[in-house]
Amino acid sequence: MKRVAFVFPGQGSQAIGMGKAMYDTYEEVQEIFEKANQLLKTDITALMFEGPADELTNTVNAQPALLLTSVAINHILRQQGVEPVITAGHSLGEYSALVAAGSLSLDDALPLVQKRGQLMESAYPKGQGAMAAVLGSELAVIEEVIQDINNTSTETVDIANLNCPGQVVISGTKQGIEIAQEKLAEKGAKRVIPLNVSGPFHSRLMEPAAEQFREALENVSIRDAKVPVVANVTAQTVTEQIDIPDLLVKQLYSPVRFEEIIEEIIQSNVDAIVEVGNGKVLNGLVKKVNRRMKTFAIQDPASLSEFMEWYKEES
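Numbering-wise, the sequence shown is residues 1269 to 1583 according to the numbering used here.
The following block contains the structure:
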């Protein structure tokens, strides 16, 4: 049997129509979506299928919508006999990875990420935080620039995502990010692109949200993972229940070490890395880490069928 890893997308991968093709094809997906509407006390299904886009993009809506899509597709994959040997997710995607690994139930995970979104939205005044993607710059140069800003001003800038070679995301105060953009351009960064986000995620400015989130986690049943989950904070595998809550708290204000996560997955000798959920963002990052790695992105019946054809082939 082929060995596959499942990776799950995070915020930014949401789009109007997400999950609809699977919903229209599988009765089980319809049941999962109906259950989600009840758990979240809102018609998340209508928002996902019809928009409006700005409302879907709100952190408090985007997070459960992305989790729901990923978990529903994972459910269909399991029904078809596909079990991952290892899972991981990008930021929010770590919750989908924990559900897929049997550590969290959907019933607990959906309200939990809704709460996570609320806390992230309210942790820092809207419009005063920012994030930007830095392309084509050495990590050492980025670290030097942000350290200089942190040491010589009242602004805050941190590294938020280590996505792949040549792509690092920074996060912090709006003015701090603007200063960093200028300095990084001067030091040869190819591009510094402001991100359309509502807050300074994965920076120290999220620490107040993290402490409140720790309380929310105390009301959730977390079990040992049945397969290893590669944690965002450490880029190392975790399976024991006792270790998971602390990693999820730290994740809110720590960098997402996605490049190292992919390297860790590749070392587990998988035949393919499968992005489960809306979009193909993670596929692109995987290819930049290791272009020889076999990848799939499953978000609708057509991409599921293509994957299953490969999966059932004799090795």
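All C-beta atoms, glycine included, are put in the ideal place defined by N, C-alpha and C.
Point to revise | Ordered list of alpha helix (DSSP H) runs contained in the segment 1519-1575, each at least 4 residues | key: Given a length threshold of 4 residues, each whole run of the alpha helix (DSSP H) inside the segment 1519-1575 is given here in chain order: 1526-1535 and 1549-1557.
Check your understanding: For the beta strand (DSSP E) that contains Asn1431, what are its first and last residues?
Key -> Val1425 to Cys1432
Exercise for review: Determine the closest residue to Gln1415 out of Leu1452, Pro1379, Val1339 and Gln1386, with distance taken between C-alpha atoms.
Suggested key: Leu1452
Practice item. Could you give the DSSP three-state label for Phe1469: helix, strand or coil? Key: coil
Exercise for review: Find out if the Cβ-Cβ distance for the pair His1358, Val1524 is shorter than 9 Å.
Suggested key: yes
Review point. If we call anything under 9 Å between Cβ atoms a contact, is Ser1536 one with Ile1344?
Key: no
Review point. To the nearest angstrom, how far is it from the Cα of Val1339 to the Cα of Val1413?
Key: 39 Å
Review point. According to DSSP, which residues form a beta bridge with Gln1435?
Key: For Gln1435, DSSP records a beta bridge to Leu1403 and Cys1432.
Exercise for review: Alpha carbon to alpha carbon, how far is Glu1302 from Cys1432? Give it in angstroms, no decimals.
Suggested key: 37 Å
Review point. Pick from Pro1332, Pro1379 and Gly1285: whose alpha carbon is nearest that of Ala1484?
Key: Pro1379
Check your understanding: For Ile1341 versus Met1399, is the C-beta spacing smaller than 9 Å?
Key -> At a Cβ-Cβ threshold of 9 Å, Ile1341 and Met1399 do not count as neighbours.
Exercise for review: Just list the alpha helix (DSSP H) runs in the segment 1276-1300, keeping only unbroken ones of 4 residues or longer that don't cross its boundaries, in chain order.
Suggested key: Segments of the alpha helix (DSSP H) lying fully in the segment 1276-1300: 1288-1293.
Check your understanding: Of all the CB atoms in chain B, is at least one closer than 9 Å to the CB of Leu1374?
Key -> Chain labels in this structure do not include chain B; a single protein chain is all it has.
Review point. Where Gln1331 and Gln1279 are concerned, what is the direct C-alpha to C-alpha distance, given to the nearest angstrom?
Key: 6 Å
Review point. Considering only C-alpha positions, which residue in the set Gly1545, Ser1466, Gly1370 and Phe1564 is nearest to Val1538?
Key: Phe1564
Practice item. Report the rounded CA-to-CA distance for Asp1514 versus Val1436, giving the unit in angstroms. Key: 24 Å
Check your understanding: Between the segment 1376-1394 and the segment 1460-1470, do at least 3 Cβ pairs fall closer than 8 Å?
Key -> yes
**Study point:** 8 Å contact criterion, which Glu1527 and Leu1430 should meet: CB distance rounded
**Key:** 5 Å
Review point. Do you know offhand how far Ser1371's Cα is from Glu1450's?
Key: 43 Å
Review point. Assuming Glu1403 and Gly1440 make a contact with CB atoms under 8 Å, what is their CB distance in whole Å?
Key: This sequence places Leu at residue 1403; Glu is not what is there. That pair is no contact at about 18 Å.
Check your understanding: Which word fits Gln1396, buried or exposed, when buried means at least 16 other C-beta atoms lie within 10 angstroms of its C-beta?
Key -> exposed
Point to revise | Residue interval of the alpha helix (DSSP H) (run including Thr1327) | key: Thr1327 to Gln1347
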